[in-house]
Amino acid sequence: MSGDESDGDTRVLAASPRERLLGGAVVARRYEVRGVLGVGGMGSVYDVFDRNLEERVALKILQAGERADATLVERFRREVRLARRISHRNTARVYDIGVDGERWYLTMELIDGESLQALLERESRLPITRACAIMADVCAGLAAIHAAGVVHRDLKPGNVLLERGGRVAITDFGIARKIKRGADDPLMTCGMIGTPLYMAPEQAVGSPEVDARADIYAVGVMLYE
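Numbering-wise, the sequence shown is residues 3 to 227 according to the numbering used here.
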């Protein structure tokens, strides 16, 4: 699991202080931090060892400056609810959500690999056959997301993970929502939701009509890259 955002920041709220846990720190007396995987739109993501299950998982922690913000906590909880509606090999699995003191966290599948963004930064241009193979898997995962009645709204190379064994998985449902045309989203507090470089025009202007077509637009931008 990675939270790479070097391809453009996810715009939701103004930035707030980020808490960084050091290696060896333990969350909820269960998850032992091994290292930092990256930073997402809502918090930091860690490689942790689950002492109960005796396996490595990814742990996402809500930003420290937003602990008391009920709206952000509800968005965090919604990320888990929506992600758990989807079961497909091309989406990263989300396991659980919890709170340790004032620190909200969720656990998810740890993908052993790198983000598509990291690959593009290293290789710049991919052979057309490889690019099409990756994007075909992205489209398969996206079809499952849409079939579950969810629109991702932040599809970008940093949110596409490439496992060493060849699997491709979409991750980070932090600003996802149910597909319901014409409905305002009370959990979003500003007009621009998503990553500007990959936004469809209707998403960029904050339209309530954003639906699955915005995700397809983002796929087109990624394929062009």
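Where a beta carbon is used, it is the ideal one built from N, C-alpha and C, also for glycine.
Exercise for review: Have a look at Gly143 and Arg169 and give me their C-alpha separation to the nearest angstrom.
Suggested key: 11 Å
Exercise for review: Mind the definition here: the stretch 112-123 touches the stretch 48-64 only if three or more C-beta pairs lie below 8 Å; say whether that holds.
Suggested key: yes
Check your understanding: Start and end of the alpha helix (DSSP H) containing Ile218?
Key -> Ala214 to Tyr226
Review point. Just the Cα atoms here: how many angstroms apart are Ile147 and Val96?
Key: 13 Å
Check your understanding: Are the Cβ atoms of Ala120 and Ile172 separated by less than 9 Å?
Key -> no
Exercise for review: Under 8 Å by Cβ, that's how I've got Val35 and Gly26 pegged, so tell me the actual separation to the nearest angstrom.
Suggested key: 7 Å
Point to revise | N-terminal and C-terminal residue of the beta strand (DSSP E) that Arg169 is part of | key: Unbroken run through Arg169: none, as it is neither H nor E.
Review point. Where Pro210 and Leu157 are concerned, what is the direct C-alpha to C-alpha distance, given to the nearest angstrom?
Key: 18 Å
Review point. Short check: CB of Arg105 to CB of Leu164, under 9 Å?
Key: no
Check your understanding: In three-state terms, what does DSSP make of Thr197?
Key -> coil
Check your understanding: Does DSSP classify Glu104 as helix, strand or coil?
Key -> coil
Point to revise | Where Ala138 sits in the DSSP three-state scheme | key: helix
Exercise for review: Please work out which residues of its chain come closer than 7 Å, Cβ to Cβ, to Ala17, disregarding the five sequence neighbours upstream and downstream, and give them in chain order.
Suggested key: Low per-residue confidence applies at Ala17: pLDDT is 34, beneath 50, and the placement is therefore not dependable enough to give any value.
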